[in-house]
Amino acid sequence: MTVQVLEEIPVTVDKREILRLQGRHGKERLGRPIRKILEEVFEDCHSLLHPRAVCVQMEARVLRKTIRLANGLSLRNPDGARVWHNADRLVAVVCTIGPALERRVSELSAQGASTAALMLDGIGSVAVESVADRVNRRICRDAARHGMSVGPRLSPGYGTWPLEDQTVIFTIVPAQRIGVHLNEQGMMIPMKSVSFCVGLGRDLPAHEGTDPCQYCNLKSCRYRRQPKASR
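Heads up, the sequence shown is in the numbering used here, so the first residue is 5 and it goes up one at a time.
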């Protein structure tokens with residue numbers, strides 16, 4: 005088993021993605037007050053982002069609906085068992101942008117600046133997803149150098165993977181090293197954090213793209229970024 009902590013991860017925040025998460029369509033014109041608020045919070049957000057990640061790679065055996073790990077634990081992930089079926093290793097990741105942005109969102113809400121708080125919260129969601137994408141691409145590059153392929157990125161709580169497996173992820177990954185923990189409800193703190201796993205193997209089938217939306221069975225979801233991949 006290998007553990008790696010990543011810091012100073014580049015973050016890309018697309019204003020269009022922020023607006024999309026809030027239900028605004030690309031051709032919808034924003035009023036001047038909304039544009040002004042968005043520009044102000046966008047300018048201030050970068051000092052609030054502290055991206056970090058911790059990755060753990062270990063041997064794994066993919067079964068019919070579960071993934072059995074080398075340490076004896078199992079992940080109940082039918083989607084993962086399907087798309088990682090030839091994998092012999094698994095990488096589990098927890099990444100975050102830290103707590104500063106969430107604290108600022110709370111401050112803005114307490115001040116009655118609800119629109120600015122909503123915009124900044126959207127920036128946080130886009131930013132942490134950008135961190136996850138960057139880490140995933142790094143895993144793909146490292147795997148390619150060792151002659152391995154990487155399966156699609158999947159997270160507990162999406163598709164057929166129950167959220168309860170979050171506790172398994174946090175048993176595997178020393179997330180406290182980047183300041184992330186689970187509360188009693190199994191939610192990550194700071195909330196602008198993402199956990200995911202990918203399968204690795206030399207005989208893993210190729211897949212198109214790295215967006216987890218392609219492998220999620222939720223047909224109507226406001227957060228969907230990509231159409232579902234055909235089986």
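Positions of the beta carbon are idealized from the N, C-alpha and C atoms, including for glycine.
Computed from a predicted model, the values in this text were never measured in an experiment.
query	result
How many angstroms separate the CA atom of R149 from the CA atom of G155?	15 Å
Apply the 10 Å Cβ neighbour rule to V7 and answer buried if 16 or more other Cβ atoms are within range, or exposed otherwise.	exposed
Under the rule that 16 or more other beta-carbon atoms within 10 Å means buried, what is Q180, buried or exposed?	exposed
Between the C-alpha atoms of E106 and P194, what's the straight-line distance to the nearest angstrom?	8 Å
Tell me which residues share the same chain as R68 and place their Cβ nearer than 7 Å to its Cβ, disregarding the 5 neighbours each side in the sequence.	A85
Quick check on R108 - is its C-beta less than 9 Å from some C-beta in chain D?	Among the protein chains of the structure shown there is no chain D, as only one such chain exists.
Given V130, which residues of its chain have a CB within under 8 Å of its CB, disregarding the five upstream and five downstream residues?	V17, D18, E21, I22 and L25
Would you list the residues sitting across from M195 in a DSSP beta bridge?	According to DSSP, M195 bridges with nothing at all.
For the alpha helix (DSSP H) containing Q61, list its first residue and its last residue.	First-last for Q61: R56 to V66, but that is the beta strand (DSSP E), not the alpha helix (DSSP H).
Select from V135, C49 and M191 the residue whose C-alpha is nearest the C-alpha of V318.	This structure does not reach residue 318, given that the chain is present from 5 up to 235, and the question cannot be answered.
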